[in-house]
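What follows is one structure encoded as structure tokens, with my remarks underneath.
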Amino acid sequence: MNKASLKQLEVWFVTGSQHLYGPKTLEQVKLNSTAIANAFDTSIHIPVRVVFKPVVKTPDEITELCKAANNQPGCIGLICWMHTFSPAKMWIAGLLSLQKPFVHLHTQFNRDLPWDGIDMDFMNLNQSAHGDREFGFIGSRLRIQRKVVVGHWQEESVQQKIGLWTRAAAGWNELRHLKVARWGDNMREVAVTEGDKVEAQIKLGVSVNGYGIGDLVKLVNQIPEVEINQLVEAIESKYEMAASLKKRGANHGSLRESARIELGMRAFLEEGGFMAFTTTFEDLHGLVQLPGFAVQRLMADGYGFGAEGDWKTAALVRAMKVMASGLTGGTSFMEDYTYHLSPSGAKVLGAHMLEVCESIARESPRVEIHPLGIGGKADPIRSIFTVKPGPALNASLIDMGNRFRLIVNEIEVVPLDAPMPKLPVASALWIPKPNLEIGAGAWILAGGAHHTSFSQAVPAEVLEDFAEMAGIEYLIIDDSTNISAFKKELRWNDLYYHLSIGI
Ligand code: MN
37 MNKASLKQLE VWFVTGSQHL YGPKTLEQVK LNSTAIANAF DTSIHIPVRV
87 VFKPVVKTPD EITELCKAAN NQPGCIGLIC WMHTFSPAKM WIAGLLSLQK
137 PFVHLHTQFN RDLPWDGIDM DFMNLNQSAH GDREFGFIGS RLRIQRKVVV
187 GHWQEESVQQ KIGLWTRAAA GWNELRHLKV ARWGDNMREV AVTEGDKVEA
237 QIKLGVSVNG YGIGDLVKLV NQIPEVEINQ LVEAIESKYE MAASLKKRGA
287 NHGSLRESAR IELGMRAFLE EGGFMAFTTT FEDLHGLVQL PGFAVQRLMA
337 DGYGFGAEGD WKTAALVRAM KVMASGLTGG TSFMEDYTYH LSPSGAKVLG
387 AHMLEVCESI ARESPRVEIH PLGIGGKADP IRSIFTVKPG PALNASLIDM
437 GNRFRLIVNE IEVVPLDAPM PKLPVASALW IPKPNLEIGA GAWILAGGAH
487 HTSFSQAVPA EVLEDFAEMA GIEYLIIDDS TNISAFKKEL RWNDLYYHLS
537 IGI
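Residue numbers for the sequence shown follow the numbering used here, so the first one is 37 and each next one is one higher.
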């Protein structure tokens, strides 16, 4: 799944009941549940398949279903709904064994009370108002973090919320299988990009392993000239580019070198089944230039990336690209780079040395070559573009020592005040919510990294759902953020996670 197609994934629609009501009622429960599952399966708001499962009525049926979900690779979670009353002790064994996330849909098949005709048959068939509360209790009693979606199943907003949850589940599923290749280690002495890779594999599933840059260089140097010719031709036909990079231009050789590096990286990633990777400018031995353009193009093809050995951001970018599949707007590795601290409105200019994903480009990227002040290598190729104004967010995954923390800041990408003709990298200009003062203040208090996964496609709600599935801490910085309250939330969370870990 390179450019992720979420239709390959499925969630199971699970209806809880019991035998108390007799076969006739249960037949109606089945018909109603099938109708909801089919409506969700064809909903434009729900990107994965929704598969109806036979109504569960006993502890054994529930446990078998949960085990089957665990064993079905394409199943990324359950939608649970108690059409009638389903005594929740029946769910204990199943929910304890369930390794996939579930969303609790609190709906009723009939939207309206049939005022004239309501009788006890109607009352007995439409019991989720109390049946779902019984189910909710056992979820809370078992301390299972989950999403509860309330409303009539035909409502667009209900389907949208279910759809967002399935996106989170798809990202979570991706992380459970993700392999990250690290070429070189961390940038020396940097703290926030470090972390416990063993704990990440236990907690998140992602496997992160280092590879010598020589292993990559070997592949890069084996790329046949004919393949480089083909890629250079494809690049020339796709992009506007600086004259010196064109055929017979003074720097055409650098473009060919960039293409060679890209092909080597692709071969390495494909061979190892990696969908995310990191590089570091401090370890380029044998590579002629820092991979910039190559990284940009790989990210645009769906790979997660983190610079300077930042494996957490690489994994997060990949997971968010999966969550964003089919939505408008891109997702990229990003860094808060420099500020516009004007009294008339403070802004952040986000960029990186080179590596910003073309999926967020507003206009056709232009390919150029410029010197790079650090790394001591040949001038690297990069594509340059700006980013479309509109809502977006930055997300940062950090290791607090005893837990992972996901920090999300909603932002508004804004137009440039004036062109920046001398800026030799892709960039985005934004205002953090609620403003730079509070947004950056809260971010820094939370320990959020300078590296982020920037997305115009993934809403914060998806990341909240995702954090719940992963059982990690989630902090949102948005229009309602208040520094005093935020500081308290940080202190309370420290206490909660300290206690919840146990010994
Ligand atoms: Mn950086």
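The C-beta atom is built at its ideal place from N, Cα and C for all residues, glycine as well. All figures in this text were calculated on a predicted structure; none of them were measured in a lab.
Inspect the beta-carbon positions of residue i and residue j and report whether they are closer than 7 Å.
{"i": "Gly175", "j": "His81", "result": "no"}
{"i": "Val450", "j": "Ala428", "result": "no"}
{"i": "Tyr510", "j": "Glu525", "result": "no"}
{"i": "Gly52", "j": "Val87", "result": "no"}
{"i": "Arg354", "j": "Met301", "result": "no"}
{"i": "Arg203", "j": "Gly241", "result": "no"}
{"i": "Met505", "j": "Trp208", "result": "yes"}
{"i": "Ser400", "j": "Gly366", "result": "no"}
{"i": "His188", "j": "Glu371", "result": "no"}
{"i": "Trp347", "j": "Arg218", "result": "yes"}
{"i": "Gln325", "j": "Lys413", "result": "yes"}
{"i": "Ala71", "j": "Leu214", "result": "no"}
{"i": "Glu391", "j": "Ala330", "result": "no"}
{"i": "Ala105", "j": "Lys66", "result": "no"}
{"i": "Phe145", "j": "Asn68", "result": "yes"}
{"i": "Cys111", "j": "Gly130", "result": "no"}
{"i": "Ile537", "j": "Gly477", "result": "no"}
{"i": "Met456", "j": "Cys393", "result": "no"}
{"i": "Ile417", "j": "Ile405", "result": "yes"}
{"i": "Pro90", "j": "Met126", "result": "no"}
{"i": "Asn222", "j": "Glu210", "result": "no"}
To which residues of the same chain is residue i closer than 8 Å at the C-beta, ignoring the five residues directly before and after it?
{"i": "Leu132", "result": "Leu178"}
{"i": "Gly220", "result": "Gly246, Ile249, Thr314, Thr315, Thr316, Glu318, Asp319, Leu320 and Gly345"}
{"i": "Gly483", "result": "Val228, Ile434, Met436, Arg441 and Ile443"}
{"i": "Pro83", "result": "Leu42, Lys43, Gly199, Thr202, Arg203, Ala206, Ser361 and Gly362"}
{"i": "Asp530", "result": "none"}
{"i": "Leu267", "result": "Ala295, Glu298 and Leu299"}
{"i": "Glu473", "result": "Ala382"}
{"i": "Tyr373", "result": "Val384, Leu385, Gly386, Ala387, His388 and Ser463"}
{"i": "Arg439", "result": "Ile508, Glu509, Tyr533 and Ile537"}
With a CB to CB cut of under 7 Å and the five nearest residues on each side skipped, what residues in its chain are close to residue i?
{"i": "Asp232", "result": "Asp435"}
{"i": "Lys197", "result": "Val185"}
{"i": "Phe124", "result": "First, the residue type needs correcting, since residue 124 is Ala and not Phe in the sequence shown. The answer, listed in chain order, is Glu170, Phe171, Phe173 and Ile174."}
{"i": "Tyr57", "result": "Thr120 and Asn160"}
{"i": "His55", "result": "Lys93"}
{"i": "Leu481", "result": "Phe522, Lys523 and Leu526"}
{"i": "Ser193", "result": "Gly187"}
{"i": "Trp479", "result": "Ile443, Asn445 and Ile513"}
So does residue i have its beta carbon nearer than 6 Å to some heavy atom of the ligand MN?
{"i": "Glu225", "result": "no"}
{"i": "Glu170", "result": "no"}
{"i": "Ala343", "result": "yes"}
{"i": "Glu230", "result": "no"}
{"i": "Glu318", "result": "no"}
{"i": "Glu371", "result": "yes"}
Give me, in chain order, the residues of the same chain whose beta-carbon lies closer than 6 Å to that of residue i; leave out the 5 immediate sequence neighbours on both sides.
{"i": "Val444", "result": "Leu429, Ala431, Ala496, Leu499 and Ile512"}
{"i": "Ile264", "result": "Arg292, Ala295 and Arg296"}
{"i": "Val423", "result": "Ile396, Arg398, Val449 and Ala464"}
{"i": "Phe304", "result": "Leu252 and Leu255"}
{"i": "Asp514", "result": "Glu446 and Lys469"}
{"i": "Tyr532", "result": "none"}
{"i": "Asn376", "result": "Residue identity differs from the one stated: residue 376 is His in this sequence, not Asn. So the list reads Lys383, once near-sequence residues are dropped."}
Report back the beta-carbon spacing between residue i and residue j to the nearest angstrom; my notes put them in contact at under 8 Å.
{"i": "Leu114", "j": "Phe138", "result": "4 Å"}
{"i": "Lys357", "j": "Gly340", "result": "7 Å"}
{"i": "Ser463", "j": "Ala397", "result": "The pair is not a contact, with the Cβ atoms about 11 Å apart (cut-off 8 Å)."}
{"i": "Ala236", "j": "Val244", "result": "6 Å"}
{"i": "Pro76", "j": "Gln195", "result": "It should be pointed out that residue 76 corresponds to Phe in this sequence rather than to Pro. Right, the Cβ-Cβ distance comes to about 7 Å (below 8 Å), so this counts as a contact."}
{"i": "Leu535", "j": "Val403", "result": "In fact, because the Cβ distance is near 53 Å, the residues do not count as touching under 8 Å."}
{"i": "Met359", "j": "Val494", "result": "5 Å"}
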